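A.B. asks:
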Ligand code: NDP
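In the working numbering, the protein residues as written are 747 to 1002.
So, in structure tokens, the structure goes:
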């Protein structure tokens, strides 16, 4: 198989949580571009339907929108059932759905902390658990990619987001253990750890943005499309020897 063919996902089925917008949308498009059937899982049925229809048109791909709040286990189970019903299985899971609360520790409520952990960390666990029931039965196993963050490894400043750091740090340990436990079933588990990507998710305050820029080795902040190719690589056979790994993609932010 040629190198380029190893990046293809023809006939494979990929679920992307939060696939309707931001980084998840770019990942969903990237996976469709290399031939995967793509399930756009997100909270808002209308936005999911629209994204799935556009991706199908733009990439001549098979897509399915499923309304899935990753904090609800029954919804996650229904997402897996709908995927299996439509495509016959699941080969790739991208745990992308994520939120952040920007406020200092002393002002943060326990409810906000729990909400962030529930979406970013426990949400990934719920999805892996139920997708894993199907994936681990596959002859070819499967792939899980968690969209973590460089925040798993560093303290961010000047913004305050301790719940977010804890959730992304937790994804590191989660990934290591899951990769170990499911290796015998042929399931690879890796994380991607982006730096600042201009989506709705981040602070757009001018002074804050300039503080970040001072730490970067490249001049421009990432766009969602800059993250998608790395996820496609990790989802494909091109990365067949990579598991239990985290790949930072941050324009050199964390080396300073
Ligand atoms: P956006 O805010 O643009 O998108 C977040 C996505 O997650 C949306 O699709 C949203 O759905 C979905 N989502 C949120 N909560 C839930 C939930 N409970 N159940 C299901 N879906 C949910 O953020 P980004 O694209 O920037 O972030 C995507 C991932 O990338 C996150 O995990 C984030 O932590 C990570 N990341 C982002 C960075 C950045 O600089 N932007 C840097 C490093 C990591 P809806 O449209 O319904 O709200």
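Glycine included, every Cβ here is placed at the ideal spot set by N, Cα and C. Since we're looking at a predicted model, the values are computed, not measured.
Do you know offhand how far residue 980's Cα is from residue 887's?
C.D. replies: Those two C-alpha atoms are separated by around 14 Å.
A.B. asks: What is the residue span of the beta strand (DSSP E) that residue 995 lies within?
C.D. replies: Start and end: 992-995.
A.B. asks: Comparing C-alpha positions only, which one of 960, 970 and 895 sits nearest to residue 766?
C.D. replies: Residue 970 is the option with its Cα nearest to residue 766.
A.B. asks: Just to check, is the beta-carbon of residue 948 closer than 7 Å to a non-hydrogen atom of the ligand NDP?
C.D. replies: Checking every heavy atom of the ligand NDP against the Cβ of residue 948, one is found closer than 7 Å.
A.B. asks: Under 6 Å Cβ to Cβ from residue 907, same chain only, skipping five residues before and after it: list those, please.
C.D. replies: Correct list, in chain order: 846 and 848.
A.B. asks: Buried or exposed: where does residue 940 fall if 16 or more other Cβ atoms within 10 Å of its Cβ makes it buried?
C.D. replies: Classification for residue 940: buried.
A.B. asks: Is there contact here, the stretch 786-793 with the stretch 851-865, by at least three beta-carbon pairs under 8 Å?
C.D. replies: The stretch 786-793 is not in contact with the stretch 851-865.
A.B. asks: So, do the stretch 922-929 and the stretch 946-953 have three or more beta carbon pairs nearer to each other than 8 Å?
C.D. replies: No: the two stretches stay apart, fewer than three of their Cβ pairs being nearer than 8 Å.
A.B. asks: When the Cα atoms are used, what is the spatial distance from residue 985 to residue 853?
C.D. replies: Between residue 985 and residue 853, the C-alpha separation is close to 43 Å.
A.B. asks: At which residues does the alpha helix (DSSP H) containing residue 956 begin and terminate?
C.D. replies: From DSSP, the alpha helix (DSSP H) with residue 956 extends over 952-961.
A.B. asks: So who's on the other strand from residue 799, going by DSSP bridges?
C.D. replies: Beta-bridge pairing links residue 799 to no other residue.
A.B. asks: Is it true that the stretch 864-878 meets the stretch 808-828, where meeting means three or more beta-carbon pairs spaced less than 8 Å apart?
C.D. replies: Yes, the stretch 864-878 is in contact with the stretch 808-828.
A.B. asks: Could you give the residue range of the alpha helix (DSSP H) that holds residue 843?
C.D. replies: Where residue 843 is concerned, there is no enclosing alpha helix (DSSP H), given that its DSSP letter is neither H nor E.
A.B. asks: Using a Cβ-Cβ cutoff of less than 6 Å, which residues in the same chain neighbour residue 795 once the five nearest sequence positions on both sides are dropped?
C.D. replies: Same-chain partners within the cutoff: 811.
A.B. asks: Tell me whether residue 817 sits in a helix, a strand or coil according to DSSP, three-state version.
C.D. replies: Coil.
A.B. asks: Taking Cβ to Cβ, would you say residue 778 is nearer than 8 Å to residue 761?
C.D. replies: Going by C-beta atoms, residue 778 is not nearer than 8 Å to residue 761.
A.B. asks: Let me make sure I understand the geometry here. Which of 992, 962, 815 and 988 has the alpha-carbon closest to that of residue 1001?
C.D. replies: When each option's Cα is compared against that of residue 1001, the closest is 962.
A.B. asks: Check residue 945 in the structure and name its three-state DSSP category.
C.D. replies: It is coil, neither helix nor strand.
A.B. asks: Assign residue 769 to one of two classes, buried (16 or more other C-beta atoms within 10 Å of its C-beta) or exposed (fewer than that).
C.D. replies: It is buried - the Cβ of residue 769 has at least 16 other Cβ atoms within 10 Å.
A.B. asks: Along the alpha helix (DSSP H) that carries residue 919, what are the first and last residues, could you check?
C.D. replies: First-last of the alpha helix (DSSP H) with residue 919: 908-928.
A.B. asks: Which value, in whole angstroms, describes the spacing of the CA atoms of residue 931 and residue 957?
C.D. replies: Their Cα atoms are separated by approximately 45 Å.
A.B. asks: Between the Cα of residue 933 and those of 882, 916, 893 and 918, spot the shortest distance and give me the residue it belongs to.
C.D. replies: For the residues 882, 916, 893 and 918, the minimum Cα distance to residue 933 belongs to 882.
A.B. asks: Using a Cβ-Cβ cutoff of less than 6 Å, which residues in the same chain neighbour residue 914 once the five nearest sequence positions on both sides are dropped?
C.D. replies: For residue 914, where only same-chain residues beyond five positions count, the Cβ hits under 6 Å are 894, 895, 897 and 898.
A.B. asks: Report whether the distance from the Cβ of residue 895 to the nearest heavy atom of the ligand NDP is below 7 Å.
C.D. replies: Correct: residue 895 has its Cβ closer than 7 Å to the ligand NDP.
A.B. asks: Determine the contact status of residue 978 and residue 780, defining contact as a CB-CB distance below 8 Å.
C.D. replies: Contact flag set, yes.
A.B. asks: Select from 773, 865, 998 and 976 the residue whose C-alpha is nearest the C-alpha of residue 843.
C.D. replies: Comparing Cα-Cα distances from residue 843 to each of 773, 865, 998 and 976, the minimum goes to 865.
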